[in-house]
Each structure stands twice: as C-alpha cells, then as structure tokens.
Amino acid sequence: MSEEPNNSTILFGIGNVGRQDDALGWIFLEYIQNENLKGLDIEYRYQLQIEDAELISKYNNVIFIDACKENIDNGFFVKPCKARENHNFSTHALDPETVIYLTQKLYHHKPKAFIIGIQGYRWDLEMGVSKQAYTNYLKAINYFIENQNDIANLDKKTNL
9 MSEEPNNSTI
19 LFGIGNVGRQ
29 DDALGWIFLE
39 YIQNENLKGL
49 DIEYRYQLQI
59 EDAELISKYN
69 NVIFIDACKE
79 NIDNGFFVKP
89 CKARENHNFS
99 THALDPETVI
109 YLTQKLYHHK
119 PKAFIIGIQG
129 YRWDLEMGVS
139 KQAYTNYLKA
149 INYFIENQND
159 IANLDKKTNL
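Per the numbering used here, the sequence shown runs over residues 9 to 168.
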C-alpha cells in the first residue's frame, strides 16, 4: 500500500524534444522548473507506463501536459482526466486515463486529474517547435500560471 498523499501536485510532461511540436509537454515543464513554483513536482516522460500509477498515488492532484494533433479552437484545452479501463494497453505506453484507472484500482487512490492538450503542427525528427505551436504553448502556460492556486477547478476557469 502506498503512503498517504502529500497534498501536492505532480505534472507529467509527455513528449519528445527531438520531434518538433511533440516537445510542448516538456517545454511546459521547463518553464515551471525555471520559475521554481511551490507545491509542484514535475516528471518528464516520453510515454506513460504502469509504474507511473504508483507515483501518482502519492499526490492529490495530477496534470498531464501533452501536444496533440487535433484542431483546438483556442490552441489548447484543459479537461478532466477520467479513469478509463483499457484492455488494449501494453507495458510500453498508456494513456493518462488508463494510468488514473490503475492508480484507483491498485492503490485505492483517486487524485484530481487533468489533461492540458496543446495543439501542435509539425512532428518530424527535428529539434525546435513551430511558431504556431509555441503561440499555443504560451496561451496554455499563461492560463496555468493564472489559475495554479485553484488547481482543483483548473478546467472551470474559462470557456476553453
């Protein structure tokens, strides 16, 4: 059994800096790290794995930040991450909803969880994000900074 949650928040930046806009989750975390914001722990991931469920069980809040290919009106979204059992998972990569499901099933812990998706445009094997994606990242990071003191209601702050 895991220890009691410490009431902090963990942020998972998912991506790959060597694939252009796929780096958006990581550059989001770099900003958080450079600002040394209190009460926020960060984890960089190429992909989520089963072991992340144990780590998440130690936190009351978890936020997954990832680039996405879908068209998003504002360039980013914030949505609740609801637990979902996925029978097709492998030991190599899981979606955030499945990791939350595993946290609940294995560790009997239900953290408040969100996904911040930032629209990307380019995915080639190359360093650096596109200008459009960087603009979306700035919108997302500014939104997060403005609302970080009320993480439990992160998805309810504006019409995204």
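Glycine included, every Cβ here is placed at the ideal spot set by N, Cα and C.
key: Pairwise C-alpha distance: E51 and L24   = Here residue 24 is Asn; the residue named in the question, Leu, does not match the sequence. Straight-line Cα distance between these residues: approximately 13 Å.
task = Drop a sphere of 10 angstroms on the beta-carbon of N69, count the other beta-carbons inside from all chains shown, and report buried for 16 or more, exposed for fewer.
result = buried
query = Between the C-alpha atoms of P205 and F72, what's the straight-line distance to the nearest angstrom?
reply = Residue 205 cannot be examined here, being either before or after the span of the chain that is shown, 9 to 168.
task = May I ask you to verify whether the stretch 126-138 touches the stretch 86-96, counting CB pairs closer than 8 Å and requiring at least 3?
result = no
message = Starting from G33, trace the alpha helix (DSSP H) in both directions and tell me its first and last residue.
response = L32 to E43
task = Excluding the 5 residues preceding and the 5 following W34 in the sequence, name in chain order all residues of the same chain whose CB lies nearer than 7 Å to its CB.
result = G21, G23, V25 and Y52
Alpha-carbon spacing of C76 relative to G128, whole angstroms = 6 Å
Bridge-paired residues (DSSP) for N69 = T17 and K120
message = Taking the straight line between their C-alpha atoms, what separation do you get for F85 and I126?
response = 7 Å
task = Note down the Cα distance separating T216 from D60, rounded to an integer number of angstroms.
result = In the structure displayed, the chain extends from 9 to 168; residue 216 sits before or after that span and is not available.
request  = State the DSSP-derived secondary structure class of L48, mapped to helix, strand or coil.
outcome  = strand
ask   = Nearest-angstrom Cα distance between L102 and Q55?
value = 7 Å
key: Residue environment, K113, which counts as buried when at least 16 other CB atoms sit within 10 Å   = exposed
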